[in-house]
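Chemist: Residue numbering for the sequence shown is 5 to 448, as defined by my numbering. Mind looking over this structure? Questions follow.
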Amino acid sequence: MSQLPLSDYAKHRAAFMAKLPNNSIALFPAASELTRSNDTEYAFCQNKNFFYLTGFNEPDALLVLLKNEQGQNKSILFSLPKDALHEIWQGRRIGQIKAVQDYGVDESFEVTDVENLLPDYLDGKNQVLFGFNDHDFAAQVFTWLKQVKSNLRQGAKTPQHLADADPIVAELRLIKTENELALMRQANHISGLAHQRAMQKCQVGKFEYQMEAEILHEFARHGARHPAYASIVAGGDNANILHYTDNSDVLKNNELLLIDAGAELSGYAADITRTFPVNGQFTVEQKAIYQLVLDAKNLAINAIKPGMSFAKLNVLTNAFLTQGLVGLGIIEGDLTELISDKKVKEYFIHGLGHWLGLDVHDVGDYYINTDREQLRAFEVGMVMTIEPGIYIPLSDSSVEAKWRGIGVRIEDNIAVTATGFENLTANSPQTIEDIEALMIKVTA
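Dropping the structure here:
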């Protein structure tokens with residue numbers, strides 16, 4: 005699957021509208037194009053909530069969802085008009101007729117009609133829902149409300165209640181449909197092929213950006229035109245910089261290469277990390293750290309099922325990693341006290357995972373308590389990353405020199421099923437034996 009059927013977006017809208025109170029209106033703006041330099045723009049990225057509800061991928065549009073006092077729904081899309089001159093220079097537009105025909109909205113108008121029609125839609129409604137985090141759009145909503153208020157003497161009625169629409173959409177996006185899961189499997193498959201390619205093309209003396217190019221080539225070759233995020237291609241000690249994206253250094257012998265890269269397919273993200281030796285052979289110390297992280301990842305994944313939580317997985321994983329680091333002599337002390345003091349967080353310095361979907365760090369409440377524990381119980385249809393890591397920078401003089409400069413992260417994408425889990429990251433080598441075999445086969 006390369007994209008969701010447009011009928012799925014109508015189902016998303018219906019699910020959202022089922023949560024709307026009667027006599028209410030919800031407003032969702034599209035993104036605008038962003039200027040990169042002078043008269044060139046960045047690659048367009050649609051507002052994810054708007055996209056989830058429409059599948060419409062043009063800028064400067066607006067989705068209006070109405071529910072009347074009897075509970076009847078109406079969807080209205082404002083979008084850019086058909087324009088022959090614009091389409092000659094910058095590409096075709098969908099227009100209002102096809103917006104109704106193909107995208108399943110009830111009505112569609114040109115975006116220039118918004119100012120005239122929105123105050124009428126707001127008039128008499130009890131509640132207005134929109135995303136509170138979009139401050140620019142919130143200001144626009146208040147401008148429209150002010151217009152309604154200015155007509156009070158003529159019988160207009162201003163909505164009395166404002167509500168944040170984002171948490172409602174976030175809860176819907178958190179549980180993936182079968183078609184969404186199928187699309188995310190494909191995004192993972194493409195990403196796995198790209199990680200394989202990077203392992204096959206890696207050589208001492210190449211630059212990190214050349215490995216990034218191999219990754220992007222494989223994404224695009226299989227229909228994923230864009231990465232889901234800026235790829236991290238970190239050789240040696242650069243792996244100990246969590247969000248390293250310079251990707252400019254030369255790859256050196258006897259060092260590891262950490263690649264955190266995932267494809268975006270029709271808006272949905274994969275997020276995969278693999279770590280492997282630049283020369284195709286792990287050293288003894290690299291093997292020890294790598295195997296510890298791999299075992300921790302597998303321990304966490306194998307425990308995933310409905311009712312599990314990140315908080316419980318963290319307890320398992322942190323204890324396992326602590327015991328492993330004690331066994332390697334990297335940390336010392338009483339194991340029980342080290343676990344209680346979370347000593348492992350000096351080396352495993354980020355979270356175990358996050359929700360995944362239309363955003364790489366996808367929306368959805370984690371139910372975080374005052375101790376920063378993520379207590380939300382997993383449900384069927386949730387998708388998440390599991391990504392333990394161990395990071396020992398060259399500057400860490402508290403450990404033996406043989407460990408310094410090693411940074412390892414291994415990350416898979418996991419869907420919760422009724423019986424446990426599905427690992428969507430199925431085709432990217434991760435065992436020491438498989439990685440070395442793949443890299444030796446290519447260089448032999």
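Note that beta-carbon positions come from the ideal geometry of N, C-alpha and C, so glycine has one too. Owing to the predicted nature of the structure, the values given are computational and were not obtained by experimental measurement.
1) From G240, D241, A191, pick the residue whose C-alpha is nearest to that of E222; which is it?
2) Give the C-beta separation of L197 and N417 to the nearest angstrom, bearing in mind that I take them to be a contact with Cβ-Cβ under 8 Å.
3) Can you tell me whether DSSP reads S41 as helix, strand or coil?
4) Excluding the five sequence neighbours on either side, which residues of its own chain have a C-beta within less than 6 Å of the C-beta of E114, listed in chain order?
5) What residue does the alpha helix (DSSP H) around T340 start on, and which one ends it?
6) How about G271 and L362: are their beta carbons less than 9 Å apart?
7) Output yes or no for whether 9 Å exceeds the beta carbon distance between Q164 and Q131.
8) Could you give the DSSP three-state label for A448: helix, strand or coil?
9) Using C-beta distances below 8 Å, list every residue in its chain close to N257, excluding the 5 sequence neighbours before and after it, in chain order.
10) Go ahead and pull the three-state DSSP assignment for A441.
11) Beta strand (DSSP E) containing R413: first to last residue?
12) Just to confirm my understanding: we take G311, look at its own chain, exclude 5 residues before and 5 after, and list those with CB closer than 7 Å. What are they?
13) Give me the residue from E259, L325, M5, S28 with the minimum Cα distance to G128.
14) If we ignore side chains and look at the alpha-carbon of each, how far apart do T39 and E91 end up?
15) Extract the residue ranges of the beta strand (DSSP E) inside the stretch 72 to 97, only unbroken runs of 3 or more that lie entirely within it.
16) Quick one: what's got a C-beta closer than 7 Å to L176's C-beta in the same chain, skipping five residues either side?
17) Would you mind stating whether I276 and A238 have Cβ atoms separated by less than 9 Å?
18) With the cut-off set at 9 Å, would you say A243 and I410 are in Cβ contact?
19) Between the alpha carbons of A448 and R278, how many angstroms are there, rounded?
20) Pairing CB atoms from the stretch 144 to 161 with CB atoms from the stretch 391 to 405, are three or more of them under 8 Å?
21) Between the beta-carbon of K180 and the beta-carbon of V364, is there less than 9 Å?
22) Helix or strand or just coil, what does DSSP make of E383?
23) Helix, strand or coil for P281, going by three-state DSSP, please let me know.
24) For L360 versus A274, is the C-beta spacing smaller than 9 Å?
25) Starting from Y395, trace the beta strand (DSSP E) both ways and give me its first and last residue.
26) Just curious, the alpha helix (DSSP H) that F134 is in, first and last residue?
27) Judging by CA-CA distance, which residue of G368, D345, L329 is the nearest neighbour of I396?
28) Helix or strand or just coil, what does DSSP make of I276?
29) Compare the beta carbon distance of L187 and L269 with 9 Å and say whether it is the shorter of the two.
30) Using a Cβ-Cβ cut-off of 6 Å (strictly less than) and excluding sequence neighbours within five positions of A169, which residues of its own chain qualify?
31) Which parts of the stretch 159 to 216 are runs of the alpha helix (DSSP H), unbroken and 4 residues or longer, counting only runs that do not cross its ends?
Modeler: From the atom records:
1) A191
2) The Cβ separation is near 15 Å, so there is no contact.
3) strand
4) P85
5) 339 to 344
6) yes
7) yes
8) The pLDDT assigned to A448 is 46, lower than 50, so where the model puts this residue is not dependable, and the model offers no usable value.
9) V208, V282, N283
10) helix
11) 410 to 413
12) A381, F382
13) S28
14) 19 Å
15) 77 to 83
16) H16, A19, F20
17) no
18) yes
19) Residue confidence for A448 is low, a pLDDT of 46 falling below 50, so the modelled location carries little weight and cannot support an answer.
20) no
21) no
22) coil
23) strand
24) yes
25) 393 to 396
26) Looking at the DSSP string, F134 is not in any alpha helix (DSSP H); the run it does join, the beta strand (DSSP E), is 131 to 134.
27) L329
28) strand
29) yes
30) A30, L133, F134, G135
31) 170 to 178, 182 to 205
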